Amino acid sequence: MSRVLARHHVPALWECDPLTGEKIRATRATATRYERARPGEMVHIDVKKLGRIPDGGGWRAQPGQTRTNDTAGHARIGYDYVHAVIDDRTRLAYVEVHPDEKGVTAAGGLLRAAAFFASCGIPKIERVLSDNAFAYRKSRVFKDAVTTLGAQQRFIKPHCPLTNGKVERFNRTLQAEWAYRQV
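In our numbering, the protein residues as written are 21 to 203.
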């Protein structure tokens with residue numbers, strides 16, 4: 021069967037996007053793969069920005085639709101921010117959705133993730149690996165949260181998200197399977 025598909029230039033099922041059926045472009049292979057020896061030795065942290073699409077598909081799907089407002093009269097448009105923390109060894113994930121990506125929000129999410137990991141048997145976080153986002157790099161509150169945990173903060177090289185690939189891949193899976201899933 022695979023030879024017939026290859027003869028007609030049809031990609032294999034594992035090469036296709038599950039939603040669109042289009043071939044996913046090839047990615048760079050990582051030369052060195054790593055996995056920490058102990059749970060909690062390193063956690064990956066990242067934020068994924070998702071557009072707030074109302075039920076029913078928004079104004080493009082339903083052109084006559086008006087905006088909905090919150091109690092203060094502000095339009096509920098914009099983005100939600102998915103804060104994800106993943107343990108390197110066990111791949112245990114902790115996710116929260118917030119209306120912003122500020123340092124205070126990221127710090128609170130990290131502390132709640134540490135409490136969640138402790139309840140699952142991972143007593144201590146030793147290192148926090150993140151990208152160079154403002155909330156991680158410049159926020160005093162986030163740095164204090166890392167210090168409170170007794171952890172070290174590490175940053176990836178700029179423009180190299182593959183270093184933080186575990187949480188990046190998790191974000192991509194969340195986006196495809198949960199956030200923008202068409203039912």
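Heads up, the beta-carbon is just placed ideally off N, CA and C, and yes, glycines get one too. Predicted, not measured: the structure shown is a model, and the values here were computed from it.
State yes or no: is the C-beta of residue i within less than 7 Å of the C-beta of residue j?
i, j, result
"VAL187", "VAL166", "no"
"LYS68", "VAL115", "no"
"ILE5", "ALA127", "This structure cannot speak to residue 5, because the chain is shown only from 21 to 203."
"ARG109", "ARG56", "yes"
"VAL105", "ALA133", "yes"
"ASP151", "ASN184", "yes"
"LEU70", "ALA196", "no"
What's the call for residue i, buried or exposed, on a 16-neighbour Cβ count within 10 Å?
i, result
"PHE154", "exposed"
"GLY123", "buried"
"TYR156", "buried"
"MET21", "exposed"
"VAL117", "exposed"
"LEU130", "buried"
Could you tell me the boundaries of the beta strand (DSSP E) in which residue i lies?
i, result
"TYR114", "113–118"
"ALA104", "99–107"
Identify the continuous alpha helix (DSSP H) that holds residue i and give its terminal residues.
i, result
"ALA165", "160–169"
"ARG157", "154–157"
Where does residue i fall in DSSP's three states?
i, result
"LEU130", "helix"
"ARG189", "helix"
"ARG147", "strand"
"GLY123", "helix"
"ARG56", "coil"
"ARG23", "helix"
"LEU33", "helix"
"LEU12", "Here the chain comprises residues numbered 21 to 203, so residue 12 is not present and cannot be evaluated."
"LEU70", "strand"
Measure the beta-carbon distance from residue i to residue j and round it to whole angstroms, keeping in mind my assumption that it falls under 8 Å.
i, j, result
"ASP107", "PRO181", "At roughly 19 Å, the Cβ-Cβ gap does not stay under 8 Å, so ASP107 and PRO181 are not in contact."
"TRP142", "LEU112", "This sequence places Ile at residue 142; Trp is not what is there. So it is a contact: roughly 7 Å between Cβ atoms."
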